[in-house]
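J.: Protein chains in written order, with numbering that gives the first Met the number 0: chain C, 0 to 156; chain E, 0 to 156; chain Z, 0 to 156. Ideal Cβ placement from N, Cα and C applies to all residues, glycine included.
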Amino acid sequence: MTNRELRFEAEELLDRYVQCLDEDRLEEWPDFFSDKAVYKIISRVNVERNHPLATMFCDSRDMMKDRVVAIRNASVFSQRYLRHLVSNVRVMGQDGDAHIVKSNYVVLQTMQGEETKVFNAGQYVDKIIFGDGGPKFQEKLVIYDTIQIPGLLVVPI
Amino acid sequence: MTNRELRFEAEELLDRYVQCLDEDRLEEWPDFFSDKAVYKIISRVNVERNHPLATMFCDSRDMMKDRVVAIRNASVFSQRYLRHLVSNVRVMGQDGDAHIVKSNYVVLQTMQGEETKVFNAGQYVDKIIFGDGGPKFQEKLVIYDTIQIPGLLVVPI
Amino acid sequence: MTNRELRFEAEELLDRYVQCLDEDRLEEWPDFFSDKAVYKIISRVNVERNHPLATMFCDSRDMMKDRVVAIRNASVFSQRYLRHLVSNVRVMGQDGDAHIVKSNYVVLQTMQGEETKVFNAGQYVDKIIFGDGGPKFQEKLVIYDTIQIPGLLVVPI
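#1: Buried or exposed, going by whether 16 or more other CB atoms sit within 10 Å of the CB of Asp29 of chain E?
#2: For Ala73 of chain Z, is the classification buried or exposed, using 16 other Cβ atoms within 10 angstroms of its Cβ as the cut-off for buried?
#3: Quick one: is His157 of chain E buried, meaning 16 or more other Cβ sit within 10 Å of its Cβ, or exposed?
#4: Extract the residue ranges of the beta strand (DSSP E) inside the segment 70–145 of chain E, only unbroken runs of 3 or more that lie entirely within it.
#5: Grab the span of the beta strand (DSSP E) containing Asp34 of chain Z for me, first residue to last.
#6: State the Cα-Cα distance for the pair Pro155 of chain E and Val90 of chain E, rounded to the nearest angstrom.
#7: Which residues in chain Z have a C-beta closer than 7 Å to the C-beta of Ser86 of chain E? List them in chain order.
#8: With C-beta atoms as the reference, is Val124 of chain E less than 9 Å away from Leu5 of chain E?
#9: Is it buried or exposed, Asn119 of chain C, if we count other Cβ atoms within 10 angstroms and call 16 or more buried?
#10: Can the beta-carbon of Ile40 of chain Z be found less than 9 Å from the beta-carbon of Val117 of chain Z?
#11: Cβ atoms of Phe136 of chain C and Phe31 of chain C: under 9 Å apart, would you say?
#12: Give a yes or no on whether 9 Å exceeds the smallest Cβ distance from Gln111 of chain E to chain C.
#13: Can you pull out the residues from the segment 111–126 of chain C whose beta carbon lies closer than 8 Å to at least one beta carbon of chain E?
#14: Could you tell me if the beta carbon of Pro134 of chain E falls within a distance shorter than 8 Å of some heavy atom in the ligand MN?
#15: Under the rule that 16 or more other beta-carbon atoms within 10 Å means buried, what is Asn87 of chain C, buried or exposed?
#16: Given Glu26 of chain C, which residues of its chain have a CB within under 7 Å of its CB, disregarding the five upstream and five downstream residues?
#17: When we look at the beta-carbon of Lys126 of chain Z and count the other beta-carbons within 10 Å, is it buried (16 or more) or exposed?
#18: Does the beta-carbon of Asn2 of chain C have 16 or more other beta-carbons within 10 angstroms, so that it is buried, or is it exposed?
#19: Do Gln108 of chain C and Arg82 of chain C have their CB atoms nearer than 9 Å?
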């Protein structure tokens, strides 16, 4: 595939990914990852200081499924809407079979009776496998700028 | 056309569409639609609850033109700037001659003497006809997350 | 190059450009411009009223380099993160050797201990040269909607 085709495919994967999250179809979220994929939400501060502490960490699709069950069972939320925008999708290079793709994202949150606000902004650093079953994340790092998170960050981004 | 070409054409239509609105060229706004097109701004809450009540509704290009005249004649606004960002443009399938295209948008508003704020965020669900005269909207649903709208929502989005 | 290829190349240039700024690699910022390039940050109000007064103005790459040195030496900032999103990239036409490309941007700012906010939103109006050494800006106008800027605007956008 050319660089252009890779970017196109990566954009399509990201488009479907954020639509899944925006529509709160969390049960489908693990399907965007390969079996042994790593998913990590980590602050930009921690990345820059080499602190490994992550806000959310999964190192397999099964762990992601457990996470979704936990969110559904344990969490009581006031109703809110999330809306992701992703831009500046860049294919940066390769790591083994995977392509490294960076992009910028912002998640907007609308709580009942409140204005729409920035919930979280940052960068996706993804390793994507372009296989027979369509592209999958082999690793997805969500590196967020936002330090003060309005409400708890318990959902995937 | 391939899926990739369809997305490219849809993106170009959306780019021109939001530029028209950002530059307040409302008189050109109906030209983005086919004759009998439907334009609807409706809250996500109402869509989810199957309430048909729309915030703005037009079912022909003539009705859109009337709307623009009404906005120009009747409305007194304090000066403000709008800025649309659109991302995650996805060709979802076909409905008759039209292609269904979903995308996420945010409109930022700058009022005199105030910081730039999120005015409205949500999803475009479009049916687009790719005809000889270039692509046109046959239907455009603006499904907005934002419940508290800072100022009245009287302009198209 | 076809219009589609031009847009693709312009998007890649913009992607690299904003990543450079987001990662605070200011020393590399002038490299995105040709030797005699013009860089201007100007308010939308001033553009509309034909006031030439710019918030930042450089008319050569050397002047940009001086600017970066000045920022590094003179400025004391509280730590903050910036995050650019760019959308609606449109190739509008040609001006001599350059292609005119417009896009919408938003810059989100995260200050220590604060929520992420809109720092600046507006439009890029670029003249891009597609030469042997890769695409470069021959002119970049940053026309911003945002009037109330939270903190001083001393960095390029």
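T.: So, to answer that:
#1: Residue 29 of chain E sits at position 30 when you count from the first residue of the second sequence. For the sequence presented, residue 29 of chain E should be read as Pro rather than Asp. Looking at its Cβ environment, which holds 16 or more other Cβ atoms inside 10 Å, Pro29 of chain E is buried.
#2: Translated into the one-based positions of the third sequence, residue 73 of chain Z becomes position 74. It counts as exposed.
#3: Because chain E spans 0 through 156 in this model, residue 157 of chain E falls outside it and cannot be assessed.
#4: 79–94, 97–110, 116–130, 133–143
#5: In the third sequence, the residue the question calls residue 34 of chain Z occupies position 35. 32–42 is the extent of the beta strand (DSSP E) around Asp34 of chain Z.
#6: On the second sequence, position 156 is the one that residue 155 of chain E refers to. On the second sequence, position 91 is the one that residue 90 of chain E refers to. So the alpha carbons of these two residues sit roughly 23 Å apart.
#7: As a first step, residue 86 of chain E must be located in the second sequence, where it is residue number 87. The answer, in chain order, is Ser86.
#8: Taking the second sequence and counting its residues from 1, the one referred to as residue 124 of chain E is at position 125. Taking the second sequence and counting its residues from 1, the one referred to as residue 5 of chain E is at position 6. In this structure, Leu5 of chain E does not lie closer than 9 Å to Val124 of chain E by Cβ.
#9: Here residue 119 of chain C corresponds to residue number 120 of the first sequence, with the count starting at 1. Per the 10 Å Cβ criterion, buried.
#10: Start at 1 with the first residue of the third sequence, and residue 40 of chain Z comes out as number 41. Start at 1 with the first residue of the third sequence, and residue 117 of chain Z comes out as number 118. For Ile40 of chain Z and Val117 of chain Z, no; Cβs fall outside 9 Å.
#11: On the first sequence, residue 31 of chain C is found 32 positions in, with the first residue counted as 1. On the first sequence, residue 136 of chain C is found 137 positions in, with the first residue counted as 1. Less than 9 Å divides the Cβ of Phe31 of chain C from the Cβ of Phe136 of chain C.
#12: Taking the second sequence and counting its residues from 1, the one referred to as residue 111 of chain E is at position 112. Answer no: the Cβ-Cβ gap between Gln111 of chain E and chain C never drops below 9 Å.
#13: Gln111, Gly112, Glu113, Glu114, Thr115, Lys116, Val117
#14: With respect to the ligand MN, the structure shown offers nothing to examine, as it has no ligands at all.
#15: By one-based count along the first sequence, residue 87 of chain C stands at place 88. By the 10 Å Cβ count, Asn87 of chain C comes out buried.
#16: Your numbering for residue 26 of chain C matches position 27 in the first sequence. So the qualifying residues of the chain are Val67.
#17: Here residue 126 of chain Z corresponds to residue number 127 of the third sequence, with the count starting at 1. Buried, by the Cβ-count rule.
#18: Indexing the first sequence from 1 puts residue 2 of chain C at position 3. With fewer than 16 Cβ atoms within 10 Å of its Cβ, Asn2 of chain C is classed as exposed.
#19: Translated into the one-based positions of the first sequence, residue 108 of chain C becomes position 109. Translated into the one-based positions of the first sequence, residue 82 of chain C becomes position 83. Yes, these two residues count as a Cβ contact at 9 Å.
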